[in-house]
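Going letter by letter, the sequence shown gives residues 1 to 285 in the numbering used here.
Even for Gly, the Cβ is constructed at its ideal location relative to N, Cα and C.
Predicted, not measured: the structure shown is a model, and the values here were computed from it.
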Amino acid sequence: MIDFEKINGVHLIAEIGINHNGDLKIATRLIDAARSIGWNGVKFQKRTPSICVPEAQKNIPKSTPWGDMTYIEYKEKIEFGKDEYDFIDKYCKQEINPIEWSASIWDKESLNFIMNYEIPYIKIPSAMVTNHELIKEASISKIPIIISTGMSTLKEIDDAVNIILKHSFKPCILHTNSSYPAPLKDLNLSLIPMYKKRYDCTIGYSGHEYGVEPSVLAVALGAKVIERHVTIDRDMWGTDQKSSLSITGMDNLFQRIKNVELVIGEPKKIITDGEKEVRKKLSYT
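Here it is as structure tokens:
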């Protein structure tokens, strides 16, 4: 399990989500990419479609690459089950160069399912911030919680955090905007230091915008966890593909964040080696 209060550097999570389109080979390629580039982990989304899909939407016709079907049939088709997660668990935890994995949970059945695995954290997605029963059940597990805050009011975030603190320890709170893709004018990264002051816990950023610049700026503002949707092809079919990073984009962000950490340094005033020589020549004393 992850102790978010003791994170060294920036923790990078590659959100595969449902960008695998139900294809384990695509998921494996993205796991391999995250592992080889140096990201800390990958994350999926776990739903029980019969519970999560509203009744009014279940029978709406849906055109997909696999033909026309109802919306509920589509959601069931792309949902990974036990066989797929057993493979993912084993594949990520291989002895040579392992990588962490977990999932966002959207209902209590999915929570119970994912807890069958040894996961480093449980993710509460923005859409479930007001699902107090789900947050309570996740917190009781004593597995570290990451919670996203998109499309939520401050009171709703306060209520969710208080439930977590009542039953567990400090969560990791991710600032995010839930538009896909999120317009730059709506990102409001100034909330990152505000959240840090308000909740006194590890703050991160989950980006849904085009490009990597906002994620880099989020780190400069104090984000210790960065989560980004990833894909093997942004033109691939699926709702989240366009707002995801390609594998090249994943590498670009990784390198940019390394540079940001290097430049920011630590709040300790020292005379650098380069300055020492200049000091000999120019200092008054």
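DSSP state of Y205, grouped into three classes?
strand
Go through the stretch 54-124 residue by residue and report every complete run of the alpha helix (DSSP H) that reaches 4 residues or more, in order.
55-58, 71-77, 82-92 and 108-114
Taking all protein chains shown into account, decide if M1 is buried (16 or more other Cβ within 10 angstroms of its Cβ) or exposed.
exposed
Contiguous beta strand (DSSP E) assignments of at least 3 residues, all confined to the stretch 155-227
172-176 and 203-207
Please report how far the alpha carbon of D86 lies from the alpha carbon of I119, in whole angstroms.
Cα to Cα, D86 sits roughly 12 Å from I119.
For L245, count neighbouring Cβ atoms within 10 angstroms of its own Cβ and tell me buried if that reaches 16, exposed if not.
buried
In three-state terms, what does DSSP make of I18?
coil
Can you say whether P171 is buried or exposed, counting buried as having 16 or more other CB atoms within 10 angstroms of its CB?
So P171 ends up on the buried side.
Looking only at C-alpha atoms, which of K82, H20, L282 and S126 sits nearest to H208?
Closest option to H208, Cα to Cα, is S126.
Would you mind sorting S50 into buried or exposed? The rule is 16 or more other CB atoms within 10 Å of its CB.
exposed
What ranges does the alpha helix (DSSP H) occupy inside the stretch 126-151, keeping only unbroken runs of at least 4 residues that lie completely in it?
132-140
Using the rule of at least 16 other Cβ atoms within 10 Å of the residue's Cβ for burial, across every protein chain shown, is Q94 buried or exposed?
exposed
Reference S104; option with closest CA among Q45, S215 and W39:
Q45
Rounding to the nearest angstrom, what Cα-Cα distance links P267 and I192 in this structure?
19 Å
So what's G249 in DSSP terms, helix, strand or just coil?
In the three-state reduction of the DSSP assignment, G249 falls in the helix class.
So V225 and I13 are supposed to be a Cβ contact under 8 Å. How far apart are they, rounded?
7 Å
Put Q241 into one of helix, strand or coil per three-state DSSP.
coil
For D32 and I232, I'd like the C-alpha separation in whole angstroms.
Computed Cα separation, rounded: 11 Å.
Please classify P183 as buried or exposed, where buried requires at least 16 other C-beta atoms within 10 Å of its C-beta.
exposed
Would you call the stretch 151-161 and the stretch 122-138 in contact, with 3 or more CB pairs under 8 Å?
yes
Identify, in the order they occur along the chain, each residue of the same chain with its Cβ nearer than 7 Å to the Cβ of D240, setting aside the five sequence neighbours on each side.
G17, I18, N19, Y180 and H229
Using the three-state DSSP reduction, which class does G41 fall into: helix, strand or coil?
In this structure, G41 counts as strand in the three-state DSSP scheme.
Quick check: what's the CA-CA separation for F113 versus L221?
When rounded, the distance between both Cα atoms is 36 Å.
Just the C-alpha distance for I147 and L189, rounded to the nearest angstrom, thanks.
17 Å
One question on the structure: do D251 and I37 come within less than 8 Å of each other, judged by their Cβ atoms?
yes
CA-CA distance, G41 and I99?
5 Å
Please list the terminal residues of the continuous alpha helix (DSSP H) segment that includes K276.
D273 to L282 is the extent of the alpha helix (DSSP H) around K276.
Output needed for W66: all residues of its chain with C-beta closer than 6 Å, excluding positions within five of it in sequence on either side, in chain order.
none
Could you tell me whether the Cβ atoms of W106 and R47 are closer together than 8 Å?
yes
Residue from I173, N116, D89 and Q57 whose Cα sits closest to the Cα of A27:
D89
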